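Going by our numbering, the sequence shown opens with residue 2, and the numbers climb by one from there.
From the three backbone atoms N, C-alpha and C, an ideal C-beta is built for every residue, glycine too.
Please read all numbers here as calculations on a predicted model, not as lab measurements.
Working notes, structure below.
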Amino acid sequence: MAEHVRITDVSPRDGLQNEPGVIPTAEKVRLIELLCATGVDEVEVTSFVSAKWVPQLGDAAEVFKGLRERGMLKVAPLFSALVPNEKGMEQAEEVAKSPSLLDKVSVFTAASETFSKKNTNATIAETMERFKPVIERAKNASTGPMRVRGYISCVIACPFEGPIAPGRVADVAASLVHLGVDEIDLGDTIGAGTPESIRAVLEAVRRTIGSAWWTPDKLTLHLHDTFGRAAECVEAALEAGVRSFDGSVAGLGGCPYASTPGKRAPGNIATETLVATIERAEYTTGVNRDRLAEAAAFAREIVTKSRAAAGGGA
Ligand code: HMG
Ligand code: MG
2 MAEHVRITDV SPRDGLQNEP GVIPTAEKVR LIELLCATGV DEVEVTSFVS AKWVPQLGDA
62 AEVFKGLRER GMLKVAPLFS ALVPNEKGME QAEEVAKSPS LLDKVSVFTA ASETFSKKNT
122 NATIAETMER FKPVIERAKN ASTGPMRVRG YISCVIACPF EGPIAPGRVA DVAASLVHLG
182 VDEIDLGDTI GAGTPESIRA VLEAVRRTIG SAWWTPDKLT LHLHDTFGRA AECVEAALEA
242 GVRSFDGSVA GLGGCPYAST PGKRAPGNIA TETLVATIER AEYTTGVNRD RLAEAAAFAR
302 EIVTKSRAAA GGGA
């Protein structure tokens with residue numbers, strides 16, 4: 002029987018966070034509902050970050066309220082959300098009081114000091130300090146322990162510093178492991194990866210944190226697709242034993258703090274491309290491609306509408 006590869010769709014978070022126009026909460030909830038129907042293993046719902054930093058996701062609590070009202074907790078795959086600090090964790094804990102609504106929080110740091118400062122106003126070391134109480138609270142949440150994912154951005158290159166040495170990524174991964182995260186997610190934030198560079202960073206991380214992390218629930222690859230090479234990177238990662246990937250339906254996405262003058266941050270690998278690539282390599286995902294196409298069409302529709310309303314065209 003073909004081996005299962007885990008898929009997380011991050012479109013409601015990474016896909017929408019850089020959209021300039023207002024996307025109504027009800028449309029985000031509908032997108033998540035459509036994603037739940039696809040059979041993906043996890044949906045990254047939103048971020049509990051400062052609305053001053055990421056205005057698009059300022060309705061995080063309302064999105065979860067909408068999901069609860071629509072009874073999504075009964076049918077949902079795993080739901081997760083980004084949490085940068087203790088203040089974000091307080092909001093996540095509030096949501097987690099509804100059973101099965103929020104199972105995982107994701108902290109995020111980087112392998113580039115410049116990106117870390119621009120994205121979170123903190124050095125890499127300072128982000129680790131911020132994560133300590135988050136992880137502590139997640140493990141001891143009154144409603145039961147929550148899983149913690151630790152994202153590392155710029156694992157191949159930084160939009161400000163250029164190429165990043167694999168050893169730097171491995172060091173940050175080791176720090177996250179030391180803090181007690183349950184899983185590591187390696188982010189190629191600007192889609193600079195090639196099969197060679199992906200293999201190199203995976204090898205460095207594996208040497209440092211060990212093969213025990215090479216399981217679908219402990220190690221994930223998060224690719225952006227700037228140069229159309231993300232699918233090749235998925236193939237290389239599958240060969241290197243990675244069994245969990247993030248994608249964003251319709252290829253929406255990009256971190257606002259990875260944009261440089263005249264260059265908007267690149268979108269994530271489309272979940273459609275991701276699923277097709279994985280299944281071509283003879284693994285299974287359990288994702289229904291027709292349902293995925295419906296979710297992609299809806300995602301395109303809501304961003305096209307909001308971009309037009311924001312005056313930016315489609
Ligand atoms: P800061 O300005 O240093 O924070 O930002 P602060 O502690 O000084 O607080 C400033 C204000 O923010 C205060 O409000 C706080 O209450 C508020 P004021 O008193 O001015 O009214 N605040 C918050 N509000 C809501 N939720 C919170 C929160 N924390 C403080 N959690 C901070 C530090 C981390 C908050 C900020 O830098 C931030 O929100 N950054 C988030 C940036 C972001 O979301 N980036 C995109 C996600 S990462 C990504 O896309 C990469 C990834 O996809 C992987 C990859 O592709 O590489 C994951
Ligand atoms: Mg990303």
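Proximity below 9 Å, CB of residue i to CB of residue j
i, j, result
"V156", "G194", "yes"
"L103", "V182", "no"
"S307", "P21", "yes"
"A277", "R292", "no"
"S176", "I125", "yes"
"T26", "G67", "yes"
"A296", "L35", "yes"
"V178", "I210", "yes"
Supposed contact pair residue j and residue i - C-beta distance, whole angstroms, cut 8 Å
i, j, result
"L220", "E184", "7 Å"
"Q92", "V55", "Actually they are not in contact, since the Cβ atoms of Q92 and V55 sit about 14 Å apart, beyond 8 Å."
"A111", "A142", "About 26 Å; that fails the 8 Å criterion."
"A231", "I270", "4 Å"
"G40", "V288", "5 Å"
Three-state secondary structure assigned by DSSP to residue i
i, result
"Y152", "strand"
"L79", "strand"
"A315", "Per-residue confidence for A315 stands at a pLDDT of 46, beneath the threshold of 50, marking its modelled position as unreliable; the derived number appears in the next sentence. Residue state, collapsed to three classes: coil."
"S245", "strand"
"G16", "helix"
"P164", "strand"
"S117", "helix"
"E283", "coil"
"V352", "The requested residue 352 does not occur in the structure, where the chain is confined to residues 2 to 315."
"A38", "coil"
"F109", "strand"
"L177", "helix"
"D172", "helix"
"A271", "strand"
Selected residue, minimal CA-CA separation from residue i, among the options
i, options, result
"D172", "L187, K53, N141, F161", "L187"
"T9", "A201, V250, K119", "V250"
"S81", "T124, I33, A38", "I33"
"T121", "L177, K53, V64", "K53"
"G89", "V135, V44, E204", "V135"
"P160", "G16, W214, C256, G312", "C256"
"E94", "R138, A123, P262", "R138"
"A205", "R169, E114, H223, V44", "R169"
"V106", "G242, P85, K264, E295", "P85"
"A298", "R207, S260, A62, G252", "G252"
"V23", "Q57, D15, K29", "Q57"
"K119", "M147, S154, S101", "S154"
Residues bridged to residue i (per DSSP)
i, result
"E184", "R150"
"E295", "In DSSP, E295 forms no bridge with anything."
"C159", "G163"
"L224", "D189"
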